[in-house]
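This note's numbering applies: residue 39 is where the sequence shown begins, and numbers increase by one.
Working notes for the structure below.
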Amino acid sequence: MTPKIIAFDADDTLFVNEPYFQEVEQKFCALLSDYLSHQGLSQELFKTEIENLNLYGYGIKGYILSMIEAAMKISNNTISIEIIEKIIQYGKELLQKPIELLDDVEHTLKTLHKKYKLIVATKGDLKDQQSKLQRSGLS
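Right, here's the structure in full:
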């Protein structure tokens with residue numbers, strides 16, 4: 039049977055994504071460096087993300103909520119409102135990042151579109167993924 043449909047993931051398949059999350063994690067670690075080492079902060083954040091995955095799913099909003107929760111755990115609930123505000127700001131910045139297509143994505147999709155139906159299959163946050171696709175110019 040000849041394939042008629044090709045499905046693509048969006049993040050880090052069609053456009054850059056992970057480096058932006060890594061950048062925010064670096065900021066988070068710098069923000070909370072008085073509490074733990076960079077490695078300790080990253081581990082606590084990752085642990086919190088995994089614990090929350092079934093509840094929040096994948097995406098920026100769940101990541102930021104996990105970041106706030108991790109900051110609260112790390113600080114024994116003494117984290118300042120200013121730090122929480124900065125974490126929220128990091129999330130807003132992530133949500134508004136310009137979309138950077140990976141090399142040759144546009145050409146590849148145009149070529150494949152001539153012969154196949156193309157769809158995006160993602161486990162990411164629906165609203166966030168729709169926004170990224172719209173801003174990318176690929177939709």
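From the three backbone atoms N, C-alpha and C, an ideal C-beta is built for every residue, glycine too.
In this text, all values refer to a predicted model and were calculated from it rather than measured experimentally.
What is the rounded straight-line gap between the Cα of residue i and the Cα of residue j?
i    : j    : result
E127 : N92  : For clarity, residue 127 is Gln in the given sequence; the question names Glu instead. Their Cα atoms are separated by approximately 24 Å.
I121 : L69  : 7 Å
L139 : L147 : 12 Å
I88  : G162 : 15 Å
S104 : G129 : 11 Å
N55  : D49  : 5 Å
L74  : K152 : 53 Å
T51  : K155 : 17 Å
A45  : I157 : 5 Å
G175 : P136 : 11 Å
Q168 : N115 : 35 Å
I117 : T149 : 51 Å
P39  : Q172 : Residue 39 is actually Met in this sequence, not Pro. C-alpha separation (whole angstroms): 32 Å.
K99  : F59  : 12 Å
G97  : L79  : 20 Å
Quick check on residue i: does DSSP put it in helix, strand or coil?
i    : result
L139 : strand
G78  : helix
I47  : Per the sequence shown, residue 47 should be read as Asp rather than Ile. Residue state, collapsed to three classes: coil.
K153 : coil
V62  : helix
Y96  : strand
So, is residue i buried or exposed, given that buried needs 16 or more other C-beta atoms within 10 angstroms?
i    : result
A159 : exposed
K203 : Examination of residue 203 is not possible in this model, given that the chain is present from 39 through 177 alone.
I43  : exposed
Nearest to residue i by CA position, among the options, is which residue?
i    : options                  : result
K111 : L133, S177, L132 and T86 : T86
D28  : K42, F53 and M39         : For the chain, the structure presents residues 39 to 177; residue 28 sits outside this window and is missing.
*Decide yes or no for the touch test of the segment 107-125 against the segment 58-73: beta carbon pairs closer than 8 Å, at least 3 of them.*
Contact between the segment 107-125 and the segment 58-73 is present, because at least three Cβ pairs lie under 8 Å.
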